[in-house]
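To start, the structure under review is shown below, and the notes come after it.
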Amino acid sequence: MKTMNYLFICCLCFFSVNLIAQDYEIYVSDAGNYNNPPWQIVKYDMNGENPVAFIDTLIVWPQDILFLEEDGIVLISNLTGNGYISKHDIETGEYLGNFAEGINGPTRMKIGPDNLLYVLQWYNGNNKVLRYQLDGTFVDEFTSIGVPSSIGLDWDAAGNLYVSTYYGKYVQKFDTDGNDLGAFINTNLSGPTNIWFDENGDLLVNDYLGASVKRFNSDGEYQGQFITGLFYPEGVAYLDNGNILIGNGGTHAVKMFDSNGNFLEDIVASGLGGLITPNAVVIREVPAVKVPENRLKTGLVIPSVGKAFYLNQRVGEDLSEITVFDITGNLVESAKPKSNLIWNADNHSNGVYFLLLQFRDGSQLTQKVVVR
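Count along the sequence shown starting at 1, add 185, and that's the number in this note's numbering.
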């Protein structure tokens with residue numbers, strides 16, 4: 186029994202180091218004067234200090250930032266009429282060519298439940314949601330209809346896709362095949378940008394012209410303001426401790442709030458690093474230990490929200506054991522996976538869990554998932 190307790194404590198210690206105490210960097214896309222420069226991607230340390238112009242050439246009106254750790258690259262969406270997604274070295278920011286071209290004003294991009302890259306298109310005309318493989322190969326126009334001035338996207342626990350339109354002031358819903366299900370939200374919004382679901386299934390919306398983050402329930406009903414006192418909010422990132430970072434264009438800063446929406450501080454001070462108009466705010470974890478590159482990729486376990494969790498096939502098949510902890514660090518279960526389905530959470534309560542993955546070569550990694 187003492188041995189088991191010791192091993193359990195060791196697991197918790199590793200879990201704490203790898204998930205909670207792990208260093209990270211803050212990356213912000215600076216849209217500058219919108220369709221006029223200067224434009225840059227600024228890198229800050231975990232305290233929001235020591236800014237570095239990570240990328241400041243060969244980008245145009247930069248929007249989103251997406252790190253592909255396994256491939257050693259970072260993608261930047263560039264909002265132009267003949268828009269493109271540029272590809273850069275993950276460590277130096279050096280331009281490596283274009284990942285995709287001919288996009289009608291790419292804004293947000295995000296890896297979906299099917300491990301494909303979803304890309305939004307801003308300009309009028311063809312503004313359906315596009316899908317790409319992670320090597321840049323075009324897959325299809327996913328949605329049955331376009332969403333003009335589309336600027337935010339996320340999925341609910343059932344895999345339905347939601348897309349916000351800035352000028353349209355609504356959020357459109359699509360099923361898992363991309364079929365239009367109508368407007369999910371069409372009231373109480375002035376200029377929505379980022380949208381994201383929380384662990385309770387509520388949809389949160391950065392309302393750029395509404396100076397706040399607004400909350401809607403799973404039926405699209407308005408629940409009130411979650412965060413107030415903002416000035417042109419755009420860009421959102423969550424820290425492991427639940428704190429929220431939001432770009433605040435009106436003051437050229439990045440603000441930090443606790444998990445209840447209470448203001449804590451400007452983690453990136455006004456204008457630091459020449460910041461003018463924060464657009465995307467992205468956290469990149471700095472690995473504390475050396476592990477095989479194919480396991481550093483975002484999406485080690487997919488999906489991150491749901492009831493059934495699978496090992497990303499790109500990681501490999503050498504997983505030896507999985508241990509599950511709840512949010513308080515209590516052991517939930519341990520198993521030796523016999524298929525790509527590594528954890529079925531049907532019999533567990535909704536909430537946040539941490540999966541400790543142990544591989545045959547002795548390396549270990551953890552990932553946070555939400556059961557809902």
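All residues carry an ideal CB built from backbone N, CA and C; glycine is no exception.
Residue i versus residue j - alpha carbon distance
i    : j    : result
I412 : G514 : 29 Å
V490 : R557 : 7 Å
S471 : Y280 : Sequence inspection shows Val at residue 471; the Ser mentioned does not correspond to that position. Computed Cα separation, rounded: 21 Å.
N379 : M441 : 16 Å
A493 : G386 : 17 Å
Y317 : G344 : 18 Å
T350 : N263 : 18 Å
F369 : A216 : 29 Å
V537 : V509 : 11 Å
E506 : F544 : 7 Å
S534 : P522 : 21 Å
N232 : M294 : 26 Å
I330 : T265 : 21 Å
V439 : L516 : 36 Å
K553 : D404 : 26 Å
N447 : G414 : 10 Å
I240 : R400 : 34 Å
N445 : Q357 : 27 Å
V398 : E419 : 10 Å
Residue i CB to nearest heavy atom of the ligand SAM below 7 Å
i    : result
N218 : With respect to the ligand SAM, the structure shown offers nothing to examine, as it has no ligands at all.
Per-residue burial, residue i [other beta carbons within 10 Å of its own, 16 or more giving buried]
i    : result
D443 : exposed
L346 : buried
Y303 : buried
Q408 : exposed
T462 : buried
E234 : exposed
D208 : exposed
A206 : Confidence at A206 is low in this model, with a pLDDT of 39, below 50, so its placement is unreliable and the value that follows should be read with caution. Answer is exposed; the Cβ neighbour count stays below 16.
N464 : buried
K475 : Per-residue confidence for K475 stands at a pLDDT of 45, beneath the threshold of 50, marking its modelled position as unreliable; the derived number appears in the next sentence. Label assigned to K475: exposed.
S335 : buried
Y219 : exposed
D392 : buried
Bridge partner(s) assigned by DSSP for residue i
i    : result
M441 : L430, E450
I270 : S262, A285
N218 : N221
I250 : I261
W381 : L389
M294 : V304
G536 : V556
K399 : V390, Q410
K228 : Y212, V237
Nearest residue (CA-CA) to residue i, options the options
i    : options                : result
E276 : E255, V486, G331, N289 : E255
V213 : G337, L374, H437, S519 : H437
G290 : D274, V245, K272       : V245
D325 : A396, N426, L301, V356 : L301
N525 : F539, E406, L485, E450 : L485
D362 : L541, F448, D299       : D299
L305 : G278, E286, I330, L338 : L338
I250 : F284, S548, N220       : F284
G297 : L496, I487, S548, L540 : I487
G130 : V227, L449, V332, I240 : Any question about residue 130 goes unanswered here, given that the chain covers just 186 to 557.
L504 : N267, D531, S548       : S548
Supposed close pair residue i, residue j - CB separation, criterion 8 Å
i    : j    : result
N433 : Y417 : 7 Å
P247 : I261 : 5 Å
Y352 : L374 : With a Cβ gap of about 11 Å, Y352 and L374 do not count as contacting.
V314 : F327 : 5 Å
I211 : I468 : 6 Å
V453 : A422 : 11 Å between Cβ atoms; not a contact.
Any C-beta of chain C under 8 Å from that of residue i
i    : result
T413 : Among the chains of the structure shown, chain C does not appear; only one protein chain is present.
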